[in-house]
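What follows is a short report on a single structure.
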Amino acid sequence: MVKQLKKIAFKAQAAGLAAALALCGLGFSSSAEAGETLDAIKARGVIKIGVGGNSPGFSAPDSAGRWQGFFIDIGRALAVTVFNDPEKAEFVNSSPQQRLPALQSGEFDILLSGVTQTITRATKLGFHFGPVVFYDGQGLLVPKKLGITKGSELDGATVCVQTGTTGELNIADFFRQHKISFKPVVIEESNEFLKAFASGRCDVLTQDSSDLAIRRTLLPNAADYVLLPERISKEPLAPAIRYGDDRWLEIVNWTVYALIEAEELGITQATIDSFLGSDNPSIRRFLGVDPSLAEATGLDAKFAYNIIKALGNYGEVFERSVGKASKLGFERGYNQPWTQGGLLYSPPFR
Amino acid sequence: MSQLAVLLGVFALFSVLGANTVDNLGRLGITVGFGYLDHPANFEIGESLVAYTSGDSYARALGVGILNTALVSIIGCLLATLLGVALGIGRLSANLLISRAVQLYVEVIRNTPLLLQLFFWSATIHALPGPRQAFEPLTGVFLTNRGLYMPALAMDGAAVFSLLLLGGGALAGVVRILVHERRHGPMERAAKTALLGAVAVLLLGVLALCLGGAVSVEPPRLGGFNITGGWVLSPEFLALLVGLVINASAVICEIVRSGIEAVPEGQWEAARSLGLTRGRTLRLVVLPQALRVVIPLMTSSYLSLTKNSSLAVAIGFPDLVSVVNTSANQTGHVFEAIALMMAVYLTISLTVSAALNFYNHRLSLGR
Numbered sequence: 011m012v013k014q015l016k017k018i019a020f021k022a023q024a025a026g027l028a029a030a031l032a033l034c035g036l037g038f039s040s041s042a043e044a045g046e047t048l049d050a051i052k053a054r055g056v057i058k059i060g061v062g063g064n065s066p067g068f069s070a071p072d073s074a075g076r077w078q079g080f081f082i083d084i085g086r087a088l089a090v091t092v093f094n095d096p097e098k099a100e101f102v103n104s105s106p107q108q109r110l111p112a113l114q115s116g117e118f119d120i121l122l123s124g125v126t127q128t129i130t131r132a133t134k135l136g137f138h139f140g141p142v143v144f145y146d147g148q149g150l151l152v153p154k155k156l157g158i159t160k161g162s163e164l165d166g167a168t169v170c171v172q173t174g175t176t177g178e179l180n181i182a183d184f185f186r187q188h189k190i191s192f193k194p195v196v197i198e199e200s201n202e203f204l205k206a207f208a209s210g211r212c213d214v215l216t217q218d219s220s221d222l223a224i225r226r227t228l229l230p231n232a233a234d235y236v237l238l239p240e241r242i243s244k245e246p247l248a249p250a251i252r253y254g255d256d257r258w259l260e261i262v263n264w265t266v267y268a269l270i271e272a273e274e275l276g277i278t279q280a281t282i283d284s285f286l287g288s289d290n291p292s293i294r295r296f297l298g299v300d301p302s303l304a305e306a307t308g309l310d311a312k313f314a315y316n317i318i319k320a321l322g323n324y325g326e327v328f329e330r331s332v333g334k335a336s337k338l339g340f341e342r343g344y345n346q347p348w349t350q351g352g353l354l355y356s357p358p359f360r
Numbered sequence: 004m005s006q007l008a009v010l011l012g013v014f015a016l017f018s019v020l021g022a023n024t025v026d027n028l029g030r031l032g033i034t035v036g037f038g039y040l041d042h043p044a045n046f047e048i049g050e051s052l053v054a055y056t057s058g059d060s061y062a063r064a065l066g067v068g069i070l071n072t073a074l075v076s077i078i079g080c081l082l083a084t085l086l087g088v089a090l091g092i093g094r095l096s097a098n099l100l101i102s103r104a105v106q107l108y109v110e111v112i113r114n115t116p117l118l119l120q121l122f123f124w125s126a127t128i129h130a131l132p133g134p135r136q137a138f139e140p141l142t143g144v145f146l147t148n149r150g151l152y153m154p155a156l157a158m159d160g161a162a163v164f165s166l167l168l169l170g171g172g173a174l175a176g177v178v179r180i181l182v183h184e185r186r187h188g189p190m191e192r193a194a195k196t197a198l199l200g201a202v203a204v205l206l207l208g209v210l211a212l213c214l215g216g217a218v219s220v221e222p223p224r225l226g227g228f229n230i231t232g233g234w235v236l237s238p239e240f241l242a243l244l245v246g247l248v249i250n251a252s253a254v255i256c257e258i259v260r261s262g263i264e265a266v267p268e269g270q271w272e273a274a275r276s277l278g279l280t281r282g283r284t285l286r287l288v289v290l291p292q293a294l295r296v297v298i299p300l301m302t303s304s305y306l307s308l309t310k311n312s313s314l315a316v317a318i319g320f321p322d323l324v325s326v327v328n329t330s331a332n333q334t335g336h337v338f339e340a341i342a343l344m345m346a347v348y349l350t351i352s353l354t355v356s357a358a359l360n361f362y363n364h365r366l367s368l369g370r
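For the record, the sequence lines run as chains R and L.
Under this note's numbering, the first residue of the first sequence carries the number 11, and numbering increases by one thereafter.
Under this note's numbering, the first residue of the second sequence carries the number 4, and numbering increases by one thereafter.
Here is the structure:
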């Protein structure tokens, strides 16, 4: 508790200082690191990955203190591509408010914490995005007893929003579009944010719906709350990296594509070895049985094989962390291969 | 000469740092400039002293933040001073119970982190009943976890005008007395009473006049999701205000106590020998002298209260820091946002300290 308080105190009081320091860091370090993120990672022997603290299913330490979750597995897949060792990933906790400046200042090499890909972030703020790893949309969580069935009935409601997310803008847009009014309560600290809602300070909690599903499980009486079916925004969550290292960006891209491609090809962690003898040329290339890709890409011929062997394909990662069998129980929805009506699509491994 | 060299050195250092930063930001595709302040902010702010909607500019959003910070700081400083002075006097009370109770209060408050106290007040207010089960201590006053609702006075232009006139008249009366007392010593009790009486009669007269329909009371009512109408103080504002006032009052209590104790014992004895009561001694002899010790220290507690109000971001009050953080986060203009925030806090701090320094100078001996 005290430790947490100290952390928050630091965050709140020194938000300015942190950002200023981040900028100082920018001034000195980025010139040295431009184009050299990958070199820095190799020299360090570990990839530093920014994640959002306590999001069970996406990224959270388990009871043994080991990080687990959807984003964590993608981080480990990167470590396999670079080092052929899923353990060479170091996870750094960062709040929504702090994460982008922290990435910019070089505190970590990649941010995997539910960052929505937007044009402003990509063109103006200096971030490149890897492939979308999770298609999400902003949702509205309300107490059942209000009897609300859709967002447009929320005229005059008080809405709790967590600062530092695109959600703050979407909710304002949503109410403007529907010509109804609301009162925001904007809180940075995620525990306080949830407490305010639990105590009835606000009628609505808004966030990416995946995040709301997690929050709902953390509420004292989860069954008293309902997630409205509508999604008020598109939230494509993608890995973010700094400008200036194209090679690193491609490694991120193709690591994610490897996970997606494996599912499309029907290759799983359990069955992968049986595919090594396949005579399908695209499978042979993908798994590095045919080493031609290694020469072309400069990556380990078996990087995709190693990833799937260590962590499974996209579908397995999804199901294990957030899917039907997990505590969060998400449907695959848009997060299915394009061959099954979803939006996941990997360019060819050729 | 050497000072000039140092100044130039510092200036050069900052120029190099600044140019370097701008250069690096430029390379990342981030342009530095305040042009974004004109753009629509697109986020809502929960409470505001001036009209604000999400389509308004960042500049206006920033203004809302500044006003909110100013509001909580000014009210906070006033209340903390009143409470702190009362506590400081209580701390020196001959009554052991009062003195020890105040001591306990001061120790508890000063030895726990302010953020913890803010969370405590925030949780306390959130624990109040919801709007539908509102706690109504007085008719028309609702205490809920959505805030404190009070009946608002709705008045037309004529009523506002006459009230302003009245306020001005009353103020003029008080100033008149103060000026007279400063020039000619204590005013005759009878003259003072007469003057104040005249003001009071005038006050009642005009009040009665405007109560004849021009002023109406708008009570808060339960409707929709919430209580609507009336005048409302949000829970975040209340929690922040209570937290800051209690925290600062403990410090001010100690300042007042030390100030009073700094007045030589002989002053008390002299006043007693003149037949002054303890209360009059305090008011006429001791406190004016204690002020000299107290003012510089008060300056720093006012400044820290103002700066501490930035902890609001943790409990959801949209103060300057909260608004600036959001705009920086949404636009990427972190550098400009921090610069603006520094400029605002610096201006507030320098203004407060200049005003109190001026007052301190007027109070000092050998002027």
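Backbone N, C-alpha and C fix where the C-beta goes; we use that ideal spot for every residue, glycine too.
Along the length of the segment 163-221 of chain R, whole alpha helix (DSSP H) runs at least 4 residues long occupy 177-187, 200-208, reported in chain order. By the rule that beta-carbons nearer than 8 Å mark a contact, R:D183 touches chain L.
Per the DSSP secondary-structure output, R:P153 pairs in a beta bridge with R:Y235.
In chain order, N328, N332 make up the part of chain L whose C-beta sits under 8 Å from the C-beta of R:Q107. Contact check for L:L205 and L:L169: beta-carbon distance about 7 Å, within the 8 Å limit, so the pair qualifies.
In this structure, R:F81 keeps its C-beta atom at 8 Å or more from the C-beta atom of R:V102. Per DSSP, the continuous beta strand (DSSP E) segment holding L:G226 begins and ends at 224-226. According to the DSSP assignment, R:D256 belongs to the alpha helix (DSSP H) that extends over 256-275. Near chain R, meaning a CB-to-CB distance below 7 Å, the residues of the segment 308-325 of chain L are S313, L314, V316, A317, I318, G319, P321, V324, S325. Taking 8 Å as the threshold, the shortest C-beta distance from L:F46 to chain R falls below it. L:Y152 has L:F145, L:V235 as its beta-bridge partners, per DSSP. In the DSSP annotation of this structure, R:A335 is not part of any alpha helix (DSSP H), being labelled neither H nor E. Assigned with DSSP and collapsed to three states, R:G60 falls in strand.
Secondary structure of R:F68 (DSSP, three-state): coil.
Among the residues of the segment 33-65 of chain L, those with a Cβ less than 9 Å away from any Cβ of chain R are I33, T34, A44, N45, F46, E47, I48, G49, E50, T56, S57, G58, in the order of the chain.
At a beta-carbon threshold of 8 Å, the residues of chain R lying near L:P238 are R211, ordered along the chain.
Neighbours of R:V152 across chain L, judged by C-beta separation under 7 Å, do not exist; the nearest C-beta is about 10 Å away.
In the three-state reduction of the DSSP assignment, R:T126 falls in the strand class, which pools E and B. Burial is judged here by how many other beta carbons sit within 10 angstroms of a residue's own beta carbon; L:E50 has at least 16 and is buried. Inter-segment contact for the segment 212-229 of chain R and the segment 169-185 of chain R is present: three or more beta-carbon pairs are separated by less than 8 Å. Listed along the chain, the chain L residues whose CB falls inside 8 Å of the CB of R:F192 are E47. R:E326 counts as buried, since at least 16 other C-beta atoms from the protein chains shown sit within 10 angstroms of its C-beta. In this structure, L:S312 places its C-beta atom within 8 Å of the C-beta atom of L:T72.
In the structure shown, R:P111 falls within a helical segment according to DSSP collapsed to helix, strand and coil. Flagged as an interface residue toward chain L: R:P111, by a C-beta distance shorter than 8 Å. Taken atom to atom, the span from the alpha-carbon of L:T350 to that of R:V262 is near 46 Å.
The three-state secondary structure of R:E97, taken from DSSP, is coil. Distance check between L:F37 and each of L:R113, L:P132, L:Y61, L:S303 places L:Y61 closest, using alpha-carbon atoms only. Here L:M301 is buried. Its C-beta has 16 or more other C-beta atoms within 10 Å.
Burial state of R:D165 is exposed, judged by a 10 Å Cβ sphere holding fewer than 16 other Cβ atoms. Contact of L:R149 with chain R is assigned, a C-beta pair being separated by under 8 Å. The beta carbons of R:T265 and R:A87 sit closer together than 8 Å. Contact between R:I57 and R:D146 fails: their C-beta atoms lie close to 24 Å from each other, not under 8 Å. Of R:T47, R:D49, R:G85, R:A74, the smallest CA-CA separation from R:Y324 is found for R:G85.
Here DSSP, grouped into helix, strand and coil, assigns L:Q270 to helix.
The shortest CA-to-CA distance from L:I69 to any of L:T115, L:N45, L:L323, L:I258 is the one to L:L323.
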